[in-house]
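Read the structure below first, then the notes.
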Amino acid sequence: MKVARAYEWSFAAAGARRALSLAGLVMALSFAGFGAMLRALHLPLWPGLLSTIFVWALPGQVVMVEGLAAGLPLPLVAAAVTLTAVRLMPMVVLVLARARLPGASAWPAWWAAHYIAATVWIVSDMHLDAVPRPGRLPWVIGLGTALLTGMVAATATGYLLAGRLPVALAATLVLFTPAFFFIALLDGARHRADWLAIAAGALAGPALRIVWPGFDMLLAGLGGGTLAFLIGRLGRGRAGR
Amino acid sequence: MTTIPTTTFLLALALAVPATAVWRLLGALLARRIDADGVALQWVRAVAVALVAALVANIIVHPAGFLAATTLAERLTAMMAGTVIWAVSRRVELAVLLAAVVFFGLQTLW
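Dropping the structure here:
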């Protein structure tokens, strides 16, 4: 009998359909905000669209554009961008560890890795269990391709609509992002370490922003996450005895 | 305001793309070596969760852009409302939507 060592691409369609969800809508609001920001800084739209396609990580895109607007030297802009992108590494590991088929061809994993950022990680975490293993990576690629296409449109829409929304509404649209991420984290929490990691990150992040801006997210993630992991293991060890 | 030349924007982009991709590449390489059910992945997960939690908390506590025009009390009330609604209903969509409604209401009706 033949062992499944090939991906089942029919699952890409199901992944693409997941883009039409609250997660996709929230993401579109953020990218529209980025488009509006380009307009406000008198930057042209098309390199901004290229950044949506090829950087595909909003905090990095925002930092790049802000750095340009502030007249920072380009190596410094690149350093700031790479600092925001370190967070992508654990997310890529988490998604690919569950989605890739060992022994199958490697290129789909490289392709999928490009799509992985906070939203794709969280949506995958919610739904990947229900997808059979050979279909998982195609599912992620379908989701990512659909989201990326939508976000190019959202960036352009935000650029065109910039400055036409009342402030209270614009602020509400921005709030969707933290509200969605926070509640999705709560909803996805399964172990004690998850809960501890949410609390530790949420408390340490804002404090570290004051002490060491630029490194706050990384430190809060590494420090808070490690602490949560260790305490979670301690508790489990005791319960096992 | 001085306009930024498009070539400068494109140069920055040419640096930003590999500066971002390198971490995804490292993640993809690491994923080939890590056990999907192992302890190491549990640690990676805790780090990723804490990272996103820190990102969220920073948007609320140290806001930029449009959110900076609102008060911390408004932002925290909306987030807490969303959390309570989620805790009761366990429905993410409903909770996020109502958090936004509460936030909009606080700004316009208060």
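Sequence lines, in order, name chains V and C.
Here the first sequence is numbered in this note's numbering, starting from 1 and rising by one per residue.
Here the second sequence is numbered in this note's numbering, starting from 1001 and rising by one per residue.
Ideal Cβ placement from N, Cα and C applies to all residues, glycine included.
For clarity, every value in this text was computed on a predicted model and none was experimentally measured.
Counting only runs that start and end within the region 1025 to 1085 of chain C, where is the alpha helix (DSSP H) found for 4 or more residues in a row?
Assignment of alpha helix (DSSP H) within the region 1025 to 1085 of chain C, counting only whole runs of 4 or more residues, yields 1039 to 1061 in chain order.
To the nearest angstrom, how far is the alpha carbon of V/A239 from that of V/F229? Along the first sequence, one-based indexing puts residue 239 of chain V at 239. Along the first sequence, one-based indexing puts residue 229 of chain V at 229. Because V/A239 sits at a pLDDT of 48, beneath the cut-off of 50, its placement in the model cannot be relied upon, and the following sentence gives the value as read from the coordinates. When rounded, the separation of the alpha-carbon atoms in V/A239 and V/F229 is 15 Å.
Between the CA atoms of V/R190 and C/D1131 - distance to the nearest angstrom: Residue 1131 of chain C is absent from the model: chain C starts at 1001 and stops at 1110.
Next item on the list: Would you mind reading off the limits of the alpha helix (DSSP H) that contains C/A1100?
Entry: As a working note, residue 1100 of chain C is residue 100 in the second sequence. According to the DSSP assignment, C/A1100 belongs to the alpha helix (DSSP H) that extends over V1092 to L1109.
To the nearest angstrom, how far is the alpha carbon of C/T1108 from that of V/S10? Locating residue 1108 of chain C in the second sequence gives position 108, counting from the first residue. Locating residue 10 of chain V in the first sequence gives position 10, counting from the first residue. A straight-line Cα-Cα distance of about 47 Å links C/T1108 and V/S10.
- Item | Partner residues on chain V for C/M1079, Cβ-Cβ distance less than 8 Å | For the purposes of this step, residue 1079 of chain C is taken as the residue at position 79 of the second sequence. Those within 8 Å of C/M1079 in chain V are P178, A179 and F182.
Whose C-beta lies closer than 7 Å to the C-beta of V/R5 among residues of the same chain, with five residues either side of it excluded? Taking the first sequence and counting its residues from 1, the one referred to as residue 5 of chain V is at position 5. So the list reads L101, G103 and A104, once near-sequence residues are dropped.
Item to check | Outcome for V/H114 when other beta-carbon atoms lying within 10 angstroms are tallied against a minimum of 16 | outcome: Residue mapping note: residue 114 of chain V aligns to position 114 of the first sequence, counting from 1. Buried is the call here.
- Per-residue burial, V/T210 [other beta carbons within 10 Å of its own, 16 or more giving buried]: Translated into the one-based positions of the first sequence, residue 210 of chain V becomes position 210. The sequence shown places Ile at residue 210 of chain V, rather than the Thr named in the question. Result: exposed.
Got a sec: does the ligand COA put a non-hydrogen atom nearer than 6 Å to the Cβ of V/S124?
Among the ligands in the structure shown, none appear at all, so the ligand COA cannot be discussed.
query: Which whole-angstrom value describes the C-beta separation of V/G232 and C/A1054, a residue pair presumed to lie in contact below a C-beta threshold of 8 Å?
result: If you number the first sequence from 1, residue 232 of chain V lands on position 232. If you number the second sequence from 1, residue 1054 of chain C lands on position 54. No, V/G232 and C/A1054 are not in contact; Cβ-Cβ is about 18 Å, not under 8 Å.
### Start-to-end residues for the alpha helix (DSSP H) that takes in V/I210
Position 210 of the first sequence, counted from the start, is the residue given in the question as residue 210 of chain V. Membership of V/I210 in the alpha helix (DSSP H) is indicated by the continuous run R192 to V211.
query: Any idea if V/T84 is buried or exposed, counting beta-carbon neighbours within 10 angstroms, 16 or more meaning buried?
result: Within the first sequence, residue 84 of chain V is the residue found at index 84, counting from 1. Within a 10 Å sphere around the beta-carbon of V/T84 sit 16 or more other beta-carbons, which makes this residue buried.
*asked:* With a threshold of 7 Å between beta carbons, is V/H127 in contact with chain C?
replied: Position 127 of the first sequence, counting from 1, holds the residue named residue 127 of chain V. For V/H127, not one C-beta of chain C is nearer than 7 Å to its own C-beta.
Q) First and last residue of the alpha helix (DSSP H) that includes V/H42? A) Taking the first sequence and counting its residues from 1, one reaches residue 42 of chain V at position 42. No alpha helix (DSSP H) holds V/H42; DSSP gives it neither H nor E.
Neighbouring residues, chain C, relative to V/G235 (Cβ below 7 Å) = Your numbering for residue 235 of chain V matches position 235 in the first sequence. Residues of chain C whose Cβ lies closer than 7 Å to the Cβ of V/G235 do not exist, since the nearest Cβ in that chain is about 13 Å away.
Check: Going by C-alpha distance, which of V/V26, V/R17 and V/L41 is nearest V/A162?
Finding: Numbered from its first residue, the first sequence carries residue 162 of chain V at position 162. For V/A162, the nearest C-alpha among the options comes from V/L41.
Quick test of your reading: C/A1050 and V/A220, contact by CB under 8 Å. State the CB separation rounded to the nearest angstrom.
Counting from one through the second sequence, the residue named residue 1050 of chain C turns up at place 50. Counting from one through the first sequence, the residue named residue 220 of chain V turns up at place 220. Correct: roughly 6 Å between the Cβ atoms.
* Examine chain C for any beta-carbon lying closer than 7 Å to the beta-carbon of V/G142, and answer yes or no. => Locating residue 142 of chain V in the first sequence gives position 142, where the first residue counts as 1. V/G142 does not count as touching chain C.
| In chain V, what lies closer than 8 Å to C/W1086 by C-beta? | Locating residue 1086 of chain C in the second sequence gives position 86, counting from the first residue. Among the residues of chain V, those whose CB is under 8 Å from the CB of C/W1086 are I183, L186 and D187, following chain order.
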